[in-house]
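**Q** Per my numbering, residue 52 is the first one in the sequence shown, and the count goes up by one each step.
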Amino acid sequence: MEILRTIEEVRKLAARWRQAGERIALVPTMGYLHAGHLSLVKEAKQRAERTVVSIYVNPTQFGPNEDLDKYPRDFARDEASCREHGVDAVFYPDNAVMYAPDHSTWVVEESLSQTMCGLSRPTHFRGVTTVVLKLFNIVGCDVAVFGRKDAQQALIIQRMVRDLNIPVEIVVAPLIREEDGLALSSRNKYLNADERQRALSISAGLRSAASQFDAGERSAEALAATVRTAIEAAGGRVDYVVVMARTTLRPLPLVNAPAVLAAAAFFGKTRLIDNIFLDP
Ligand code: AMP
Numbered sequence: 052m053e054i055l056r057t058i059e060e061v062r063k064l065a066a067r068w069r070q071a072g073e074r075i076a077l078v079p080t081m082g083y084l085h086a087g088h089l090s091l092v093k094e095a096k097q098r099a100e101r102t103v104v105s106i107y108v109n110p111t112q113f114g115p116n117e118d119l120d121k122y123p124r125d126f127a128r129d130e131a132s133c134r135e136h137g138v139d140a141v142f143y144p145d146n147a148v149m150y151a152p153d154h155s156t157w158v159v160e161e162s163l164s165q166t167m168c169g170l171s172r173p174t175h176f177r178g179v180t181t182v183v184l185k186l187f188n189i190v191g192c193d194v195a196v197f198g199r200k201d202a203q204q205a206l207i208i209q210r211m212v213r214d215l216n217i218p219v220e221i222v223v224a225p226l227i228r229e230e231d232g233l234a235l236s237s238r239n240k241y242l243n244a245d246e247r248q249r250a251l252s253i254s255a256g257l258r259s260a261a262s263q264f265d266a267g268e269r270s271a272e273a274l275a276a277t278v279r280t281a282i283e284a285a286g287g288r289v290d291y292v293v294v295m296a297r298t299t300l301r302p303l304p305l306v307n308a309p310a311v312l313a314a315a316a317f318f319g320k321t322r323l324i325d326n327i328f329l330d331p
């Protein structure tokens, strides 16, 4: 497995692969890899001969008072996980490689990013779309794999690729959970034992709402209230609980079309997100 720190190294290796007729899949991550990330690697390996994992804590997708500085990092462990899972190359750039000091060009998606996480994190998706397009341009990948854990992000990337005619196939892989339901996230590392226990209310609330939905409830307000109540009863601070149309992310007061029930909440200082799909 190659560890690549510069754009030139990536381009050289990717060109060699392409010349050999091999397709390249990219899995963009911020590192501190867990089973959710590794499920994307497995997906990537089925879609292309070569798999590249990028590990980069992208500063432009963090707000001024967010957790950029304390975001968990463990490159040695990430490297071992990638090796073990048959990754061909890890792209591990530093900020100087990724951003010129006078960087001034951005990719801005203007519709899907105006809601949900975009409301509480106004510059987040601009940072995500910009870095993802940069990674696509650096690697020249044929396929890129994202997780449904970040359902809004995946939709925004798909929209960017469509709108800008980017020749990369986007694959969205299922959300991976701990056995007790907690959605896997690098940020779970911030939770102390008590917060982690209380954070289970997010997935538990989503599951209760899903049961209600299965029993015939179609009111978005009622379904969202179930989740909100569960989180608040556990002492969490709700950022949002919403029911949105699956592809447009417009509010869906009555769930009579494919929807996503999504939640963001703080436990202590840690902001967690989770979602489930509702299919009438
Ligand atoms: P991150 O390192 O948090 O930026 O995530 C990198 C990629 O892994 C994104 O496409 C995420 O959606 C995906 N991912 C993170 N957590 C999970 C999870 N629990 N299940 C599936 N995919 C995930």
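Ideal Cβ placement from N, Cα and C applies to all residues, glycine included. The structure presented is a predicted model; accordingly, all values stated were derived computationally and were not measured.
(1) Return the chain-ordered list of same chain residues with a C-beta closer than 6 Å to the C-beta of residue 186, the five sequence neighbours on each side being excluded.
(2) For the ligand AMP, is there any heavy atom lying closer than 7 Å to the beta carbon of residue 209?
(3) Please state whether DSSP places residue 128 in a helix, a strand or coil.
(4) Is residue 80 a contact residue of the ligand AMP, with contact defined as CB to any heavy atom under 7 Å?
(5) In or out: residue 109 buried (at least 16 other Cβ within 10 Å) or exposed?
(6) For the candidate residues 58, 163, 277, whose alpha-carbon lies nearest to that of residue 295?
(7) Strictly by DSSP, which residues pair up with residue 198?
(8) Should residue 88 be labelled buried (16 or more other beta-carbon atoms within 10 Å of its own) or exposed?
(9) Per DSSP, residue 143 is paired with what?
(10) My output table needs one value for residue 243: the three-state DSSP class, helix, strand or coil.
(11) Quick check on residue 181: buried or exposed, where buried means 16 or more other Cβ atoms within 10 Å of its Cβ?
(12) If you draw a straight line from the C-alpha of residue 168 to the C-alpha of residue 203, how long is it?
(13) Just checking, does the stretch 302-318 make contact with the stretch 284-291 on the three C-beta pairs under 8 Å criterion?
(14) Once you ignore the five residues that flank residue 54 on each side, which residues in its own chain have a CB closer than 8 Å to its CB?
(15) Assign residue 171 to buried or exposed, taking buried as 16 or more other Cβ atoms, counted over all protein chains shown, within 10 Å of its Cβ.
(16) Helix, strand or coil for residue 110, going by three-state DSSP, please let me know.
(17) For the stretch 165-190, which segments carrying the alpha helix (DSSP H) assignment without a break, of at least 4 residues, lie completely within its bounds, in sequence order?
(18) To which residues does DSSP link residue 295 through a beta bridge?
(19) Quick check on DSSP: helix, strand or coil for residue 153?
(20) Kindly give me the distance between the Cβ atoms of residue 200 and residue 259, rounded to whole angstroms, as I take these residues to be in contact under 8 Å.
(21) When the Cβ atoms of the stretch 300-309 are set against those of the stretch 209-217, are three or more pairs found closer than 8 Å?
(22) At a cut-off of 7 Å, would you count residue 199 as near the ligand AMP, judging by its Cβ distance to the nearest heavy atom?
(23) What does the Cβ neighbour count give for residue 176, buried or exposed, with the cut at 16 atoms within 10 Å?
**A** Straight from the coordinates:
(1) 79, 105
(2) no
(3) helix
(4) yes
(5) buried
(6) 163
(7) 224
(8) buried
(9) Residue 143 pairs with nothing; no bridge assigned.
(10) coil
(11) buried
(12) 8 Å
(13) yes
(14) 130, 140, 141, 143
(15) exposed
(16) helix
(17) 168-171, 175-190
(18) 302, 311
(19) coil
(20) In fact, because the Cβ distance is near 20 Å, the residues do not count as touching under 8 Å.
(21) no
(22) yes
(23) buried
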